Amino acid sequence: MNELINKDNEWIIHFMGSLNRLLDSFEHLTANYRPTLNGERFFTDKEVSARLKVSRRTLQDYRNEGRIAYIQLGGKILYRESDIERMLADCYRSAYRLTDT
């Protein structure tokens, strides 16, 4: 029972692995944290294009066609999260084909 605890101890290896996973999770959260401004989060065109899986040029077309609302500050384009969600909801089409069961 008077076992020496060192870095090769199974319990220590498990504990250090848990700490590493916790640190990775924390780094992921802090890297993706976006503080809100009046309860609203804003995204750049690069972030929106990555999330929607469309090109930045397609986003420009959406802006030109009035499909998506945006904010332009100088040369920077920002999108409100609620506007993105609204555009997706407006474009939603439910399935119309019945499947045989």
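Taking the UniProt record's numbering, I'd label the letters of the sequence shown as residues 1 to 101.
We put the beta carbon where it would ideally sit given N, CA and C, even for glycine.
On a predicted model such as this, the values are computed, not experimentally measured, just so you know.
Would you kindly check if the distance between the Cβ of residue j and the Cβ of residue i is under 7 Å?
i	j	result
Leu22	Asp45	no
Ser49	Arg56	yes
Met87	Ile71	no
Phe43	Tyr92	no
Quick check on residue i: does DSSP put it in helix, strand or coil?
i	result
Arg80	strand
Ile71	strand
Thr99	coil
Thr36	coil
Arg86	helix
In the DSSP output, which residue or residues are listed as bridge partners for residue i?
i	result
Leu23	In the DSSP output, where bridge partners are listed per residue, Leu23 has none listed.
Thr44	Leu78
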